[in-house]
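**Q** Let me give you the structure first, and then I'll get to my questions.
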């Protein structure tokens with residue numbers, strides 16, 4: 001006669017299956033969590049790279065004397081500079097005497113995400129980096145009179161900030177810009193630091209630009 005399974009054997013088998021399922025669930029849970037952390041970290045690095053690349057490219061085509069930084073306690077620094085880049089061609093325009101033909105004021109600054117719920121904006125990790133280009137309705141071509149059409153560095157950039165300016169990067173925590181932090185050794189240095197936050201861990205990128213090539 002064929003003997004059936006005893007209650008003890010069934011209990012041991014059920015316990016073994018439960019342990020296997022528990023271990024598999026834990027492995028799946030921690031694997032998914034690690035994957036999400038890695039994905040968030042890659043996104044933070046990608047957003048930081050986008051922000052730094054755009055800032056570096058813009059600052060390379062200005063003059064140290066035509067750049068300024070305004071500090072805000074809640075949303076980070078606002079960097080403003082004149083740009084001699086021609087938008088359609090991407091070339092730097094010069095006047096007859098070799099000086100830059102300043103096309104526009106360019107502002108980079110952080111702004112909160114739409115419908116953001118962070119109470120402390122200074123510590124909010126969901127800010128956007130915006131780029132605002134101000135031409136002030138002037139014609140800026142190399143054939144026109146520079147004394148009439150050339151832009152000047154605006155004196156009060158904070159009055160011109162717009163929340164709907166083009167977005168450069170997302171999910172940023174802070175933007176810090178220093179003009180000549182070491183004025184003796186590097187009098188023309190513009191030092192930029194951008195930070196993002198990934199699961200409570202702050203990641204950052206920083207670089208320095210010496211905008212002297214168009215002075």
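Residue numbers (this note's numbering): 1 to 215.
Idealized CB from N, CA, C, for every residue including glycine.
State buried or exposed for residue 51, treating a residue as buried only when at least 16 other CB atoms are found within 10 Å of its CB.
**A** Stepping through the chain shown from its first residue, residue 51 is reached at position 51. Answer is buried; the Cβ neighbour count reaches 16.
**Q** Whose CA, out of 73, 75 and 60, lies closest to the CA of residue 83?
**A** The residue given as residue 83 occupies position 83 in the chain shown. Per the Cα distances, 60.
**Q** Measuring alpha carbon to alpha carbon, tell me which of 89, 209 and 101 ends up nearest residue 179.
**A** Position 179 of the chain shown, counting from 1, holds the residue named residue 179. Checking every option, the nearest Cα to that of residue 179 belongs to 209.
**Q** Could you check the C-alpha separation between residue 98 and residue 62 for me, to the nearest Å?
**A** Along the chain shown, one-based indexing puts residue 98 at 98. Along the chain shown, one-based indexing puts residue 62 at 62. Looking at the two C-alpha atoms, the distance is approximately 14 angstroms.
**Q** Which residues bound the beta strand (DSSP E) around residue 70?
**A** Counting from 1 along the chain shown, the entry for residue 70 is found at position 70. First-last of the beta strand (DSSP E) with residue 70: 67-70.
**Q** Would residue 108 and residue 85 qualify as a contact pair, given that the criterion is a beta-carbon distance under 9 angstroms?
**A** Position 108 of the chain shown, counted from the start, is the residue given in the question as residue 108. Position 85 of the chain shown, counted from the start, is the residue given in the question as residue 85. No, these two residues do not count as a Cβ contact at 9 angstroms.
**Q** Counting along the chain, where does the beta strand (DSSP E) carrying residue 81 start and finish?
**A** For the purposes of this step, residue 81 is taken as the residue at position 81 of the chain shown. Looking at the DSSP string, the run of the beta strand (DSSP E) that includes residue 81 is 78-83.
**Q** Per DSSP, residue 191 forms a beta bridge with which residues?
**A** For the purposes of this step, residue 191 is taken as residue 191 along the chain shown, with counting starting at 1. Beta-bridge pairing links residue 191 to 178 and 208.
**Q** Short of 7 angstroms in beta carbon distance, which residues of its chain neighbour residue 207, apart from the five on each side in sequence? Order them along the chain.
**A** Mapped onto the chain shown, residue 207 falls at position 207. Excluding residues within five positions, the ones whose Cβ falls inside 7 angstroms are 52, 56 and 192.
**Q** Hey, out of 49, 26 and 128, whose CA is closest to residue 204's CA?
**A** For the purposes of this step, residue 204 is taken as the residue at position 204 of the chain shown. Of the listed residues, the one whose Cα sits closest to residue 204 is 49.
**Q** Whose C-alpha, out of 198, 164 and 155, is nearest the C-alpha of residue 172?
**A** As a first step, residue 172 is located in the chain shown; it is residue number 172 there, counting from the start. Ranking the options by Cα distance to residue 172, first place goes to 198.
**Q** Whole angstroms are fine: how far does the CA of residue 92 sit from the CA of residue 160?
**A** Taking the chain shown and counting its residues from 1, the one referred to as residue 160 is at position 160. Taking the chain shown and counting its residues from 1, the one referred to as residue 92 is at position 92. Looking at the two C-alpha atoms, the distance is approximately 25 angstroms.
**Q** In angstroms, rounded to a whole number, what distance separates the CA positions of residue 6 and residue 19?
**A** Position 6 of the chain shown, counting from 1, holds the residue named residue 6. Position 19 of the chain shown, counting from 1, holds the residue named residue 19. Computed Cα separation, rounded: 20 angstroms.
**Q** Identify whether residue 171 lies in helix, strand or coil by the three-state DSSP scheme.
**A** Translated into positions along the chain shown, residue 171 becomes position 171. Of the three classes helix, strand and coil, the one that applies to residue 171 here is strand, per DSSP.
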